[in-house]
Every structure is written in C-alpha cells, then in structure tokens.
Amino acid sequence: MGDIEFLYLTQEDVKATGIDMSTALEAVEDAFRLHHQGQVNLPYKTVLDLGERERGRGNAMPAYVGGPYDVFGIKWIAGFPKNPRDYGLPRATGLFILNDAWRGIPLAVMDCTLLSALRTGAVTGVGARYLARRDSLSVAMIGAGVQARTQAEALKAVLPGLAELRAFDPRREAAEGLAEEAQARFGMAARAVATAEEAVRDADIVVTVTVADEPIVKEAWIKPGSFFAAVGSYQEEEFEVVTNSDLVVVDGIEHVLHRETPVIALMIQQKRIRRDAVVELGAVVCGDRPGRQRPEERIFFSPIGMAIEDVCLCHKVYQMAARKGIGTRLGLLGRDLP
0 MGDIEFLYLT QEDVKATGID MSTALEAVED AFRLHHQGQV NLPYKTVLDL GERERGRGNA
60 MPAYVGGPYD VFGIKWIAGF PKNPRDYGLP RATGLFILND AWRGIPLAVM DCTLLSALRT
120 GAVTGVGARY LARRDSLSVA MIGAGVQART QAEALKAVLP GLAELRAFDP RREAAEGLAE
180 EAQARFGMAA RAVATAEEAV RDADIVVTVT VADEPIVKEA WIKPGSFFAA VGSYQEEEFE
240 VVTNSDLVVV DGIEHVLHRE TPVIALMIQQ KRIRRDAVVE LGAVVCGDRP GRQRPEERIF
300 FSPIGMAIED VCLCHKVYQM AARKGIGTRL GLLGRDLP
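Its first residue numbered 0, the sequence shown is counted upward by one per residue in numbering that gives the first Met the number 0.
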C-alpha cells in the first residue's frame with residue numbers, strides 16, 4: 000500500500016484558485032438549503048477560551064455536508080485581537096481539514112483565514128438576498144476590520160444598487176481605510192463618520208461586526224424597512240432593536256443558543272422573545288417560511304456562523320485547486336507517493 004495523499008494549500012494557493020464572492024455566496028446558500036433539508040451533521044462549535052480580552056480563543060468547528068458535497072471537515076481557527084499590535088501578526092489564523100466521507104481519509108489541508116472571512120461575508124449576503132429591500136441604497140458598517148471588507152463585498156454583490164457606505168470604528172483610521180477601499184473596489188460613495196449614530200440613522204442596511212458586549216446601536220436610530228445583520232458574537236444593539244423588528248432570523252437556532260452570548264440567545268434566556276418567534280434562514284431559502292413580505296418591515300438577522308458553510312466553501316476551493324493543479328501533494332504516512 001502506498002501513502003495516503005492529500006493536497007496542501009497555502010493562503011497564496013487558495014487565492015490562486017480564483018475563489019470569489021460569487022462562489023462563496025453559492026456555497027453558503029447551499030449550506031443553508033441542505034441544513035434545512037436535514038442533509039448535514041453539525042455538532043456544536045467548541046470554544047477554547049484563553050481569555051478573549053487578554054489573549055484570545057480557538058474555535059473547533061466540525062461538520063458533514065451531504066447532497067452534492069458528501070464530505071466532512073473541521074475548521075480550527077484562532078482569534079487573538081492583540082496580534083496585529085503586539086506581534087505584527089493577523090488577528091485570526093485558521094486551518095481547514097477536508098475529509099472523504101466514505102473512507103475518512105484527508106483530501107486537503109488548507110489555510111482558511113481569508114476563506115473564513117469570505118464565508119462570513121457571504122452569510123450576510125445570502126441573508127440580504129432574501130431579507131433586505133431590493134432598492135436598498137445605503138449601508139452602515141459598525142466595525143471596520145477584515146470582516147467588514149467581506150461584508151461590504153457580499154452586500155454589493157447581492158444588492159448592486161447599494162451606493163453609499165458609512166463606516167464607524169473607534170479607530171478612526173480603520174474606518175477611513177474601509178471607506179477608501181469601498182470607494183475603490185465597489186464605486187460606492189463611502190466615508191468614515193465620527194459616531195455610530197451618524198452611520199446608522201437613515202441607513203437601509205446596518206451591519207455590526209465587532210467584539211462589543213455592550214449595546215452600540217440604539218433603537219431610536221433604526222428606520223422602517225431596514226435590514227440589520229448582527230455579525231458579532233455578543234450584544235451589539237439594544238434589545239428593543241430586536242423586539243421592534245417584524246421578523247427575527249438566525250442561521251441555526253440551536254447553535255445560537257449553545258453559544259449563549261449572542262443577543263438572540265440572551266433574549267430567549269431572559270424571556271424577552273420566544274424561541275418559536277425566531278426563523279432559520281434555511282427555511283426562508285427553501286421557501287418554507289416567508290422572508291420579507293412588505294417594504295416597511297424591519298428585519299433582524301443574527302447569524303452565529305456554522306461549520307457547514309466552511310465545508311461547502313472549502314470543498315469548492317479543493318475542487319478548483321485540483322482542476323488547476325494548484326497546491327502541494329503530501330503524504331500522510333511518510334511512504335512514497337504513487
């Protein structure tokens with residue numbers, strides 16, 4: 000018996016495949032559809048907390064996805080907020096292992112740092128595709144880190160009419176950088192603003208992508224007809240932002256509740272909203288629950304992020320790399336490859 004061969008993809012290899020937001024949106028929408036159809040095996044995310052404020056945390060996220068994918072894998076991603084300042088390293092670094100679902104052997108090991116940001120943006124993009132007004136023109140981006148870039152990219156992909164972006168971040172230079180990039184890449188009239196209120200008032204779409212655990216966004220600032228995507232894992236908005244929404248949507252309710260810290264989990268724990276009032280996006284994608292029904296509806300979307308999204312996206316990257324001959328063939332056992 001020869002060795003067990005798998006494909007190793009560096010971050011540069013992943014980029015060389017040509018993976019883009021369009022493919023990420025397709026993969027993530029597939030994940031939601033297959034989740035609703037019961038064609039996945041999705042354990043809870045395991046969080047290894049080393050003191051998120053002082054140091055950081057690691058997340059282990061395994062999943063199997065059936066249907067046309069029929070593979071399983073695990074994302075192991077670390078988030079250490081002080082890395083850029085203290086060590087000149089990225090805030091997040093991640094690896095993904097993709098496995099054959101019938102033999103169990105690894106098919107690929109790849110950097111997934113950028114892919115994780117891409118799929119997180121795509122989750123909001125799929126949400127906006129089904130829940131935002133098609134005539135949305137303006138977006139408020141609260142938080143201006145790496146994740147904010149892919150949020151803006153995904154929103155522009157599904158709502159090409161978006162024309163204005165207002166960015167707020169406590170680090171003014173970060174907001175300015177995001178605004179400059181949005182102007183250059185997407186042709187949007189983008190600018191950094193001095194306060195969260197200035198960003199949010201009259202915005203058709205509001206995205207919070209922060210690590211804040213105290214409300215930033217106030218109910219009084221939210222306009223009728225808006226789509227709110229709360230991407231952070233804590234409470235970034237007043238409870239009233241949720242209770243005054245006409246529709247509350249998550250990616251996976253059991254996984255939101257297991258994480259405990261997202262605003263929806265907190266509100267269910269405190270009996271401020273009923274669990275059965277929360278809709279999963281997969282049900283909307285499959286047409287089993289309605290999405291937006293009226294232009295004036297306010298819709299609140301709070302995804303926690305599920306490993307099935309990573310499995311679908313990384314499988315597509317693996318296939319693209321294999322077709323193009325990208326990456327390095329490695330042997331697992333140390334024997335001669337055929």
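Just so you know, even glycine gets a beta-carbon here, dropped at the ideal spot from N, CA and C.
So is residue i buried or exposed if we call it buried at 16+ other beta carbons inside 10 Å?
{"i": "GLY333", "result": "exposed"}
{"i": "ASP134", "result": "exposed"}
{"i": "TRP220", "result": "buried"}
{"i": "ARG279", "result": "According to the sequence shown, residue 279 is Glu rather than Arg. Its Cβ being crowded by 16 or more others within 10 Å, GLU279 is buried."}
{"i": "ILE76", "result": "buried"}
{"i": "ARG328", "result": "exposed"}
{"i": "TYR68", "result": "buried"}
Which residues mark the beginning and the end of the alpha helix (DSSP H) in which residue i is found?
{"i": "MET319", "result": "306-323"}
{"i": "ALA156", "result": "145-157"}
{"i": "LEU114", "result": "112-130"}
{"i": "LYS14", "result": "10-15"}
{"i": "ASP85", "result": "82-86"}
{"i": "VAL284", "result": "280-284"}
{"i": "ARG56", "result": "Note, ARG56: premise wrong, no alpha helix (DSSP H); beta strand (DSSP E) at 56-64."}
Roughly how many whole angstroms lie between the Cα atoms of residue i and residue j?
{"i": "GLU218", "j": "GLU237", "result": "6 angstroms"}
{"i": "GLY40", "j": "ALA62", "result": "Reading off the sequence shown, one finds Asn at residue 40, where the question assumed Gly. Rounded to whole angstroms, ASN40 to ALA62 spans 6 angstroms at the Cα level."}
{"i": "GLU253", "j": "ALA162", "result": "36 angstroms"}
{"i": "ALA116", "j": "ILE18", "result": "13 angstroms"}
{"i": "THR92", "j": "LYS81", "result": "13 angstroms"}
{"i": "ILE96", "j": "PRO223", "result": "43 angstroms"}
{"i": "TYR233", "j": "ILE263", "result": "9 angstroms"}
{"i": "THR209", "j": "ASP2", "result": "44 angstroms"}
{"i": "GLU308", "j": "ASN243", "result": "29 angstroms"}
{"i": "VAL284", "j": "ARG32", "result": "6 angstroms"}
{"i": "ILE267", "j": "ALA127", "result": "24 angstroms"}
{"i": "ILE298", "j": "ARG288", "result": "14 angstroms"}
Using three-state DSSP, classify residue i as helix, strand or coil.
{"i": "ASP275", "result": "helix"}
{"i": "ASP245", "result": "coil"}
{"i": "SER137", "result": "strand"}
{"i": "PRO294", "result": "coil"}
{"i": "ALA228", "result": "strand"}
{"i": "ARG184", "result": "helix"}
{"i": "GLY176", "result": "helix"}
Name the two residues that bound the continuous beta strand (DSSP E) containing residue i.
{"i": "ASP48", "result": "45-48"}
{"i": "ARG288", "result": "Premise fails: ARG288 is in no beta strand (DSSP E) and is neither H nor E."}
- the region 312-323 / the region 262-274 touching (three or more Cβ pairs under 8 angstroms): Between the region 312-323 and the region 262-274 there are fewer than three inter-stretch CB-CB distances shorter than 8 angstroms, so the stretches are not counted as touching.
- Message: Taking 8 angstroms as the cut-off, does the region 146-155 touch the region 48-56 (at least 3 CB pairs, one atom from each stretch)?
- Response: The region 48-56 vs the region 146-155: no contact.
- State whether the region 5-14 contacts the region 96-115, with contact taken as three or more CB pairs (one from each stretch) at a distance under 8 angstroms. In short, these stretches touch, since the Cβ pair count reaches three.
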